[in-house]
Amino acid sequence: MLFALSNNNGVFREDFLRRVDSFSNELRKIPYVTRVYSIIDYRDLVMTSFSRVPFPVPAIHMDDPESYGPDSSKIFEDNLLVRNLISADAKTVLVYVDTKQYISKNASDSLALFIDEVMDRYSFDGKISAGRSTGQSYYVKLMQYELGFFAITSFILVIAFLYLSFRTFWAVWVPVTVVVFTAVWIIGFMEIVGEGISLVLTILPTIMFVVGMSDVVHVISRYVEELRSGKGKIDALRITYKEVALATLLTSVTTAVGFLSLLTSTIEPIRDFGLYTALGVMFAFVLAYTLLPAILLLHPVPSIAAIPQEKNFWQRFLSKAFVVVIRKRMLIIFISIATAGVSIWGITQMRINNFLLEDLKDGNELKEQFRFFEREFAGVRPLEMAILVKNADSIPVSRSVLIELEKLENYLITEYGAGTIISPLTLVRSVNRTINGGDKRHYSIPDSDEDLKKVFRMIEKLGADQLLSGMIADNGRTLRLAAKTNDLGSYVYKKKDAELRQFYKRSIDTSVFDYRLTGTALLVDKNNGQVAFGLVWGLGISFVVIAMIVGLMYRSGQMIWIALLPNILPLLMIAGVMGILGIDLKVSTSMMFTISFGIAVDDTIHFISKLRIELSKGRSMMFAVRKTFVSTGRAIILTTIILSGGFLTLIFSDFLGTYYLGLLMALTLFFAVLCDLLLLPVLVIMFYKPRKSEW
């Protein structure tokens with residue numbers, strides 16, 4: 000853990016330094032804390048001509064304020080201390096706290112509580128902490144808050160949409176009851192199998208609430224339509240089952256497939272999210288055709304069934320809209336092609352990028368603390384490098400290797416943006432300075448091989464050979480270089496890495512050593528890139544499944560691409576929007592493509608399923624499409640409004656992944672409903688030629 004303690008008048012004040020020392024001592028007494036270290040504890044080793052053994056000299060003589068001036072000058076001459084233990088403006092010191100590794104969440108919570116108590120007892124002009132324990136505690140509290148907030152907000156929003164759509168309390172409590180049962184079932188199932196709520200799963204109840212509503216709205220809309228035509232409850236339900244059940248089953252399968260495609264991810268929480276959400280979708284289907292019909296049969300015929308079809312707003316609105324769509328069909332085709340072209344151009348502007356702490360929005364308290372450490376100290380993004388020596392010497396590291404390594408490190412500091420670098424070169428230069436009485440001019444590579452051997456003998460005498468062994472492996476064939484940089488994102492560092500490779504080839508003697516970037520940051524970048532592409536691969540699986548479903552329904556290659564185009568175009572549009580607006584492709588945004596495709600294709604399946612039924616009755620193509628447009632249009636629009644509204648509640652999240660998932664999902668579903676009601680009917684009328692044998 001890190002603690003930044005600030006004093007507006009500068010750190011070289013006795014009262015401030017004593018408070019820092021007292022603060023550090025209290026931290027040492029906390030359970031699970033193994034080491035506390037600050038500039039007060041730092042000791043430089045100095046050897047003079049009168050001593051054979053180096054003796055420790057404190058960086059700050061805390062008990063001697065007269066020495067603060069010389070101490071300050073010496074500290075700021077040392078590249079190892081500035082922006083590592085003290086800020087460049089000399090107003091903040093950094094306190095490092097090591098804790099036991101792999102402690103439980105309860106122990107971590109206890110540790111965070113103890114630390115908060117110590118922090119509260121001390122007053123500094125500024126005090127900021129960062130680390131696993133406090134960060135984990137903050138994340139958990141925020142997750143718990145957002146879990147309740149999204150569930151309640153989406154619940155209220157969906158109720159409002161249902162009432163405005165149907166104008167009756169009956170059409171509110173009936174679907175809400177079914178969907179609440181769905182959410183209870185899936186959360187209860189997760190509890191039974193011992194699955195906890197992770198960051199990704201905090202949005203599960205919200206998604207279940209809005210996605211589960213789709214099946215219910217389609218059933219209720221069709222049921223009310225049949226009641227208005229004069230059917231009794233039993234007959235209305237029977238026709239609803241006959242004409243909607245298959246389509247609803249298929250849409251549940253496609254939605255589940257969209258979520259199950261997340262199983263291609265290498266990140267366990269994302270796989271869990273895909274699995275349990277897919278199960279929830281199927282639970283919603285089961286309840287929509289068991290619990291919902293039972294409620295409809297037990298409840299009297301609703302009052303909205305008495306409204307004649309011709310006086311129904313949706314009937315009149317959709318009838319007029321269909322006429323406009325048919326008249327403007329060539330314009331719709333042209334706009335669709337133009338939109339696809341602009342979207343493809345936008346996609347070329349998209350980039351894969353990720354940051355180490357991108358989960359939180361700008362302005363978030365924890366993120367601002369993170370940025371403080373990045374701004375005032377040596378950065379937060381680890382830079383790890385393995386130096387692969389080609390001809391190892393008898394001593395741990397030869398002068399030729401150190402000379403070339405110095406060139407590399409200078410480039411990393413001046414061009415790559417690295418902060419203080421820790422490597423065998425760092426240790427060699429430090430010990431060489433120690434041997435020469437602490438003279439900063441000797442913070443350099445020894446002038447001869449004999450002097451270099453003296454340095455390594457002194458390292459052994461000082462007991463620093465263990466430290467050296469952490470930097471050198473394979474008998475001197477592999478060296479470790481470690482530093483910190485600012486978190487500029489993987490896209491920027493991909494370019495920097497390419498420039499670094501060019502510098503190595505141009506300016507380093509490549510016969511001495513090669514290098515390989517490694518470490519946490521590189522692994523995170525590679526993992527995010529692989530996850531993003533993996534999720535897009537999952538989208539391809541969804542395409543195949545949808546094509547198979549449409550093919551089985553129609554046994555027509557024409558209908559497969561007619562059904563897929565209105566669902567591919569919204570994905571192109573949202574990807575184009577992301578590229579134009581500079582929204583990067585990462586785990587959170589790539590998840591959206593597979594999920595939204597699985598949900599958006601539901602409306603297409605309902606449309607072509609109803610069309611199939613109308614064509615089977617011997618209707619003409621134009622009449623069948625018009626009947627389908629008016630009959631399914633209302634449910635398609637209502638479910639899209641409910642789904643989009645539910646997903647839009649996620650934009651209030653402090654987690655950027657959740658924010659983007661909600662925003663982009665809502666936009667994709669909006670684009671999808673436009674394509675289903677404008678492009679799909681036009682494609683069917685212009686290009687679909689059914690064979691009589693199909694019916």
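Last residue of the sequence shown? That's 694 in numbering that gives the first Met the number 0, and every number before it is there in order. Just so it is clear, CB atoms sit at the ideal spot from N, CA and C, and this is done for glycine as well. Source: prediction; values computed, not measured.
{"Query": "Counting only the same chain and skipping the five closest in sequence on each side, list residues whose C-beta sits under 6 Å from that of V600.", "Result": "T253, I545, N566"}
{"Query": "Exposed or buried, Y553, counting other C-beta atoms within 10 Å across all chains shown (16 or more means buried)?", "Result": "buried"}
{"Query": "According to DSSP, is P53 helix, strand or coil?", "Result": "coil"}
{"Query": "Closest to I471 by CA distance: which of A417, G147, V396, V210 is it?", "Result": "V396"}
{"Query": "Grouping DSSP H, G and I as helix and E and B as strand, with all else coil, what is E194?", "Result": "coil"}
{"Query": "Going by other Cβ atoms of all chains shown within 10 Å of its Cβ, with 16 needed for buried, is H298 buried or exposed?", "Result": "exposed"}
{"Query": "Measure the alpha-carbon distance for T627 versus M189 and round it to whole angstroms.", "Result": "39 Å"}
{"Query": "Tell me the residue span of the beta strand (DSSP E) that contains G656.", "Result": "Element bounds for G656: not the beta strand (DSSP E) but the alpha helix (DSSP H), 655-673."}
{"Query": "Just grab the DSSP bridge partners of R42 for me.", "Result": "P57"}
{"Query": "Can you give me the Cβ contacts of A377 inside the same chain, cut-off strictly under 6 Å, excluding the 5 residues immediately before and after it?", "Result": "R82, N83, G418, T419, K483"}
{"Query": "Let me know the alpha helix (DSSP H) ranges lying completely inside the region 404-456, each 4 residues or longer, listed in chain order.", "Result": "423-434"}
{"Query": "By the 10 Å Cβ neighbour count, where 16 or more other Cβ atoms means buried, how is D271 classified, buried or exposed?", "Result": "buried"}
{"Query": "Quick check on the burial criterion: 16 or more other C-beta atoms within 10 angstroms. Buried or exposed for S692?", "Result": "Any reading at S692 must be qualified, since the residue scores a pLDDT of 45, below 50, and its modelled position is unreliable; the value itself is stated next. Its Cβ having fewer than 16 others within 10 Å, S692 is exposed."}
{"Query": "Roughly how many angstroms lie between the CA atoms of T671 and T639, to the nearest whole one?", "Result": "Residue identity differs from the one stated: residue 671 is Ala in this sequence, not Thr. Distance between the alpha carbons of A671 and T639: 9 Å."}
{"Query": "What do you reckon, are the CB atoms on S541 and S260 nearer than 7 Å?", "Result": "yes"}
{"Query": "Suppose contacts are defined by Cβ-Cβ distances below 7 Å. Is N527 in contact with N353 by that definition?", "Result": "yes"}
{"Query": "Would you give the residue range spanned by the alpha helix (DSSP H) that A562 belongs to?", "Result": "556-580"}
{"Query": "State the DSSP-derived secondary structure class of T639, mapped to helix, strand or coil.", "Result": "helix"}
{"Query": "Let me know the secondary structure DSSP gives I185 once reduced to three states.", "Result": "helix"}
{"Query": "I need the straight-line Cα distance from S399 to V511, nearest angstrom please.", "Result": "7 Å"}
{"Query": "What is the C-beta distance between S37 and V19, in whole angstroms, given that I count them as a contact (C-beta under 8 Å)?", "Result": "6 Å"}
{"Query": "For W694, count neighbouring C-beta atoms within 10 Å of its own C-beta (all shown protein chains included) and say buried if the count is 16 or more, exposed if not.", "Result": "Reliability of the predicted coordinates at W694 is poor, the pLDDT of 42 falling under 50, and no value is obtained from them."}
{"Query": "How about G578 and I346: are their beta carbons less than 7 Å apart?", "Result": "yes"}
{"Query": "With a threshold of 7 Å on Cβ separation, who are the neighbours of L262 within its own chain once the five nearest residues in sequence on each side are excluded?", "Result": "R270, G273, L274"}
{"Query": "Return the Cβ separation of L642 and V210 in integer angstroms, given the expectation that the two are a contact with Cβ distance under 8 Å.", "Result": "7 Å"}
{"Query": "Taking Cβ positions, are E25 and V117 nearer each other than 7 Å?", "Result": "yes"}
{"Query": "Taking the Cβ atom as the reference point for each residue, do M591 and L660 lie within a distance shorter than 7 Å?", "Result": "yes"}
{"Query": "Return the chain-ordered ranges of every beta strand (DSSP E) run that is complete within the region 66-116 and spans a minimum of 3 residues.", "Result": "91-98"}
{"Query": "Going straight from the alpha carbon of I458 to that of V430, what length do you get?", "Result": "7 Å"}
{"Query": "Helix, strand or coil: which one does DSSP assign to R12?", "Result": "coil"}
{"Query": "Out of K525, T631, E408, D43, state which residue places its alpha-carbon closest to the alpha-carbon of Y503.", "Result": "E408"}
{"Query": "Might you give, ordered along the chain, the residues of its own chain that have their beta carbon closer than 8 Å to the beta carbon of R476, omitting 5 neighbours on each side?", "Result": "L387, V388, A391"}
{"Query": "Distance, Cα to Cα, L4 vs D97?", "Result": "17 Å"}
{"Query": "Quick one: grab the DSSP three-state call for E693.", "Result": "Residue placement at E693 cannot be trusted, given a pLDDT of 45 that sits under 50; what the coordinates show is reported in the next sentence. Residue state, collapsed to three classes: helix."}
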